[in-house]
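What follows is a single structure, written as structure tokens, with notes after it.
Below is the structure:
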């Protein structure tokens, strides 16, 4: 690893992305997953949210990490727990008036509803039925509650868009 | 999910299974005793895929219980061709009937449909998923022939897409059974099913084989399924593979003389007709058992009881 880059203190790099006044900072996202984080949270910018994204910034914990900052929205524990599928080490900071007022980790939920689409073309959820996808969260993957298909790799590719 | 539906054998304990088989044995011994038990009740038959045995045995079972059936008929003549969803179809039929039997080409169809109805719903096959009523008649047949404990069973053929295999494998984890799965590599048991078998409370004893020769002599039961042409890219490959998984008198020379051979039917050429007249053949008896077992299921579910208490 190179030694001639800027100091790798996390807080210094967060500053580079710019501080938020009120909202949520999702930190320690594995490098390259920030856009998937936004997709899972259904944040695409079309509703006017002020969002800052830092991708592949140097980190103490990982070689590279992503950071997502969402202004004006405090994400609930249920909302952020879904992130455990793709960013199990993420930390969530709730910010009010530039101060961190709450800090917590993502926890693995029992199921995730309406977030992932089943990759099995033979699954009833892939047709026109009025049914919300539901996946049981396993230790090492996810499983469609309807057809039983287990996915262990590249779960981000299943995120409903 | 309500527990008065029958969606998969995973929801059934040993006690649940034995209760159904015991009731089936009572009805088998004296079908007339239940002749009027469900008079005036109607069962809706929704078969989105072809069926002979399952559909006719459900119809027979319901009529022997004194009830009747209403049948959606073929998909081509139904509202499905107008684009109606399964969710809408079952909600409509729920209003006409006291129970629904559903076969559908999509996996998970019965699970989803059961979320939309309050009448008992029985899964009669959901794509490559499950076929629990077939399994209960399979277990009934095994109990009547060799017994369900201290059982060594070989399950052969299309293990990947065979829903009867998936349901049977799950159910057998409730019993003292060694399961041997025999198939070409391309039709191995789905990893999801293997995962579940290892999750079972008792810890399943399962082994996978590519050839039957080494395991055949130790089997009490050989459960044969059909390998379908459409699973193979070309006819030559199919012929080559299918030929290896056919049973005839010569194959059985090394088998135990008490070996029971089962097949969910229809068969094509995986069991030679010469086997039919031997004491090994149990597949027609197995098919006949569909009636008392489905009578038992309907009797228990339509009574408002639960089968997985």
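Protein chains in written order, with my numbering: chain A, 116 to 276; chain B, 92 to 400. Glycine is no exception: its CB is placed at the ideal position from the N, C-alpha and C atoms.
#1: Okay, do the region 301-312 of chain B and the region 265-277 of chain B touch, 3+ Cβ pairs below 8 Å being the bar?
#2: Given that residue 283 of chain B touches chain A, what residues does it touch there, using C-beta distances under 8 Å?
#3: For residue 393 of chain B, which residues in the same chain have their Cβ closer than 7 Å to its Cβ, ignoring the five residues on either side in sequence?
#4: Considering only their Cβ atoms, is the gap separating residue 229 of chain B from residue 259 of chain B smaller than 8 Å?
#5: Distance check for residue 99 of chain B and residue 260 of chain A, CA to CA, integer angstroms please.
#6: Under 8 Å by Cβ, that's how I've got residue 177 of chain A and residue 217 of chain A pegged, so tell me the actual separation to the nearest angstrom.
#7: So if I threshold CB-CB distances at 8 Å, which residues from the region 169-200 of chain B count as touching chain A?
#8: Check each residue of the region 220-247 of chain A: if its Cβ is closer than 7 Å to any Cβ of chain D, include it; give the result in chain order.
#9: Taking 8 Å as the CB-CB cut-off, is residue 147 of chain B touching chain A?
#10: CA-CA distance, residue 334 of chain B and residue 318 of chain B?
#11: Looking only at C-alpha atoms, which of B:349, B:329, B:235 sits nearest to residue 109 of chain B?
#12: What three-state label does DSSP hand residue 121 of chain A in the structure shown?
#13: Establish whether the CB of residue 100 of chain B and some CB of chain A are separated by less than 8 Å.
#14: Taking the DSSP output, what are the residues bridged to residue 316 of chain B?
#15: Leaving out five residues on either side along the sequence, give the residues of the same chain with a beta carbon under 8 Å from the beta carbon of residue 166 of chain A.
#16: What span of residues does the alpha helix (DSSP H) with residue 154 of chain B cover, start to end?
#17: Counting only Cβ-Cβ distances shorter than 7 Å, please list the residues of the region 215-249 of chain B near chain A, keeping chain order.
#18: Keeping to the same chain, check which residues put their C-beta closer than 6 Å to that of residue 220 of chain B; ignore five residues upstream and five downstream.
#19: CA-CA distance, residue 37 of chain B and residue 111 of chain B?
#20: Where residue 111 of chain A and residue 192 of chain A are concerned, what is the direct C-alpha to C-alpha distance, given to the nearest angstrom?
#21: Please return the same chain residues whose Cβ sits closer than 8 Å to the Cβ of residue 187 of chain B, not counting the five positions on each side in sequence.
#22: Residue 165 of chain B and residue 180 of chain B: beta carbons closer than 8 Å?
#23: So for residue 297 of chain B, helix, strand or coil by DSSP?
#24: Residue 255 of chain B versus chain A: which residues are under 8 Å apart at the beta carbon?
#25: Assign residue 263 of chain A to one of three DSSP states: helix, strand, or coil.
#26: Assuming contact is defined by CB atoms lying nearer than 8 Å, are residue 351 of chain B and residue 371 of chain B in contact in what I supplied?
#27: Is it true that the CB of residue 353 of chain B sits closer than 8 Å to the CB of residue 384 of chain B?
#28: Assuming residue 152 of chain B contacts residue 386 of chain B (C-beta within less than 8 Å), just tell me the rounded distance between them.
#29: Whose C-beta lies closer than 8 Å to the C-beta of residue 120 of chain A among residues of the same chain, with five residues either side of it excluded?
In short:
#1: Counting Cβ pairs under 8 Å, three or more are found: they touch.
#2: Simply 258, 263, 264, 265.
#3: Taken in chain order, the residues that qualify are 129, 132, 189, 190, 211.
#4: A contact, by the Cβ cut-off of 8 Å.
#5: Straight-line Cα distance between these residues: approximately 12 Å.
#6: That pair is no contact at about 23 Å.
#7: Listed by position, the residues of the region 169-200 of chain B near chain A (Cβ gap below 8 Å) are 174, 176, 177, 178, 195, 196, 197, 198, 199, 200.
#8: Among the chains of the structure shown, chain D does not appear; the protein chains present are A and B.
#9: No - not a single Cβ of chain A is within 8 Å of the one on residue 147 of chain B.
#10: Between the C-alpha atoms of residue 334 of chain B and residue 318 of chain B there is a straight-line separation of about 10 Å.
#11: Of the residues B:349, B:329, B:235, the one whose Cα lies closest to the Cα of residue 109 of chain B is B:235.
#12: Confidence in residue 121 of chain A is poor, its pLDDT being 45 and thus under 50, which makes the residue's placement too unreliable to answer from.
#13: Not an interface residue.
#14: Paired residues: none, contrary to the question.
#15: Same-chain partners within the cutoff: 153, 158, 160, 183, 184, 185, 186.
#16: Looking at the DSSP string, the run of the alpha helix (DSSP H) that includes residue 154 of chain B is 144-155.
#17: For chain A, the residues of the region 215-249 of chain B that bring a beta carbon within less than 7 Å of one of its beta carbons are 218, 219, 220, in chain order.
#18: The beta carbon of residue 220 of chain B lies closer than 6 Å to those of 198, 254 in the same chain, with the five residues before and after it left out.
#19: Past the boundaries of the shown model lies residue 37 of chain B; chain B is included only from 92 to 400, so the question cannot be answered.
#20: Outside the displayed range of chain A (116 to 276) lies residue 111 of chain A, so it cannot be described from this structure.
#21: Take residue 187 of chain B, set aside five residues on each side of it, and the residues of its chain with a beta-carbon closer than 8 Å to its own are 133, 135, 161, in chain order.
#22: Going by C-beta atoms, residue 165 of chain B is not nearer than 8 Å to residue 180 of chain B.
#23: Looking at residue 297 of chain B - three-state DSSP - the assignment turns out to be strand.
#24: One finds nothing in chain A with a Cβ atom closer than 8 Å to the Cβ of residue 255 of chain B; even the nearest lies about 16 Å away.
#25: Here residue 263 of chain A sits in coil by DSSP.
#26: Yes, they are a contact pair.
#27: No, the Cβ-Cβ distance between residue 384 of chain B and residue 353 of chain B is not below 8 Å.
#28: That belief holds up - the Cβ atoms of residue 152 of chain B and residue 386 of chain B are roughly 4 Å apart, short of 8 Å.
#29: Note on residue 120 of chain A: pLDDT 45, under 50, position unreliable in the model; no value is reported.
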